[in-house]
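According to the numbering used here, the sequence shown is numbered sequentially starting from 14.
Comments concern the structure below.
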Amino acid sequence: MQKHVLVVDDNTTNLKLAENALRAHYKVTLLISGEQALKFLTKNRPDLILLDILMPGLDGFETIRRIKSNPYTRDIPVIFLTAKTESIDEVNALNLGAADFITKPFVPETMLRRISLQIELSLYRNQLEHMVKEQTHIVEKLQDVIVNSITDLVDFRDKVTGGHAKRTAKYFDLFVKYLRRIPHYRDLLDDETIENMLRAAPLHDVGKIGINDNVLNKDSGLNNNEFAYMQQHTILGGMAFENALNQLPNNKFLHTAREIALCHHERWSGGGYPNGLVGEQIPFSARIMAIVDVYDALTTKRSYKEPYSHDDAVRTIMQLRGSHFDPMLTDAFLQCSEAFRSLSQSFGEE
């Protein structure tokens, strides 16, 4: 299919010269102002733009600034048209996103070669970006499969709390998406952060894989020594992700998974484990997990206890506001607690 070149210049003679040079090779659109160009680009996407710099109204610099700030048009290569007598800031032009410069009056062969080169580069860049996205999707899919497999393994080993990892992951999802609607948390919960948290949440108890079955699956309450031993699951989980981070130190998912696995039993006022962290020393992700982890533990039947009702579980969590749990997060939990009730009831229907 014939490539499309948009030429923007307030001088109609220059437009005609450009059209004569290009029309045998490209579909050509001619416009006389930056304003016309921006309006045209709302409904059309040319393969390249030739843009004059000195124009009345919107000059070339402001026009390219707006083109490059629009996600729909920012990838279109722009070549600036400049007269030999014009003094322009080429560094500024390149910083704004210009791909090249063509000096007026045009040399047709030079113009055609530079346009062809920029269109080819744009095509290769788009193909490369597509390949990167495809590979990223494959890696993310593989990561999800591995996370699900490990989650299944944790739930299989921990028969006392069967299904806990998957349930808490769903509660975590619900809570995080509610928190994002609260202005105080909006900046803390960008898309990437939420994605990493949601992937990491099912792995919060991964350290239980290293706990002896006699303690992990004991059908009565743990004595002091057994409870102290069980607490090691946070350290084991943290170590597992720490080892992974030694190989991939910049991986944000692994950082988040380590935070949650290591710190989800820390308490807001101190006295939690394994490190007795206080307040905002506890990672944000782990403070969220602390609430949903306890909610699921309270509302599910264990071999050594009957389940709490939803209302009793909420009441218990609110009583622990400021001691066990972040006060603001606890208040947010109360605000969306009816959604927790509905989700909890759906687990009973499965």
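For glycine and all other residues, C-beta sits at the position ideal for the given N, C-alpha and C.
Burial state of THR123, where buried means 16 or more other Cβ atoms lie within 10 Å: exposed
Nonlocal neighbours in the same chain, by C-beta distance under 8 Å from LEU30, ignoring five residues either side: PRO118 and PHE119
Cβ contact check for the region 275-290 and the region 248-255: 3 or more pairs under 8 Å: yes
6 Å CB neighbourhood of ARG300 in its chain, flanking five on each side removed: ASP339 and LEU342
Straight-line gap, GLU142 to LEU235 (C-alpha atoms, nearest Å): 54 Å
According to DSSP, residues forming a beta bridge with THR95: THR116
Entirely enclosed alpha helix (DSSP H) segments - the region 302-334, minimum 4 residues: 323-332
Given ASP306 as reference, the closest of GLN294, VAL291 and PHE346 once Cα atoms are compared: PHE346
Beta-carbon gap between THR164 and LEU216 smaller than 8 Å: yes
Alpha carbon of ALA22 to alpha carbon of GLY73, nearest angstrom: The sequence as given places Asp at residue 22; Ala does not occur at that position. Taking the straight line joining both Cα atoms gives about 9 Å.
ARG271, buried or exposed, once every other Cβ within 10 Å from all chains shown has been counted against 16: buried
Selected residue, minimal CA-CA separation from LEU71, among HIS268, LEU44, HIS337 and ILE89: LEU44
Cβ-Cβ separation, ILE89 to ILE66 (assumed contact under 8 Å), whole Å: The pair is not a contact, with the Cβ atoms about 17 Å apart (cut-off 8 Å).
Span of the alpha helix (DSSP H), counted from its first residue to its last, around LYS16: Here LYS16 belongs to no alpha helix (DSSP H), and DSSP marks it neither H nor E.
Cutoff 8 Å: LEU43 Cβ touching any chain C Cβ: Structure shown: chain C not included; a single protein chain is present.
Chain-order list of residues whose beta-carbon lies under 7 Å from that of VAL219 (same chain, five-residue window excluded): ILE163, VAL167, GLY250, ALA253 and ALA274
Close-in-space but distant-in-sequence residues of the same chain around PHE93 (CB under 7 Å, 5 per side omitted): LEU64, ILE66, GLY73, ALA106, ALA111 and PHE114
Secondary structure of VAL291, DSSP reduced to three states: coil
Burial state of ASP309 (16 or more Cβ within 10 Å): buried
Boundaries of the alpha helix (DSSP H) in which LEU192 is found, first to last residue: 177-192
Cβ-based burial, ASN27 [other Cβ within 10 Å; buried from 16]: buried
Proximity to ALA121 [Cα-Cα], best of ASN33, ALA96, PHE360 and GLU103: One point to set straight first is that residue 121 is Pro, not Ala, in the sequence displayed. Nearest C-alpha to PRO121: ASN33.
Cross-strand partners of VAL41 (DSSP beta bridge): VAL18
Per-residue DSSP class, three states only, for ILE62: strand
Inter-residue CB distance, LEU51 and ARG79 (contact presumed, cutoff 8 Å): 6 Å
Residues near ILE224 by beta carbon distance below 6 Å, same chain, minus five either side: HIS246
Closest residue to ARG127 among GLN140, VAL18, VAL327 and ASN238 (Cα-Cα distance): VAL18
Boundaries of the alpha helix (DSSP H) in which ARG199 is found, first to last residue: 196-199
Cutoff 7 Å; reference ILE330; Cβ partners in own chain excluding five residues on either side: ILE304, VAL307, TYR308, PHE338, THR343 and PHE346
Identified DSSP bridge partners for PHE338: ARG334
Between the CA atoms of CYS349 and ALA188 - distance to the nearest angstrom: Rather than Ala, the amino acid found at residue 188 in this sequence is Phe. In a straight line, the C-alpha of PHE188 is about 8 Å away from that of CYS349.
From TYR317, THR313 and GLY335, residue whose alpha carbon lies closest to that of ALA326: THR313
LEU235: first and last residue of the uninterrupted alpha helix (DSSP H) it sits in: From DSSP, LEU235 is part of no alpha helix (DSSP H); its letter is neither H nor E.
Whole-angstrom distance between LYS190 and LYS56, CA atom to CA atom: 34 Å
Under 8 Å between C-beta atoms of LEU54 and THR86: yes
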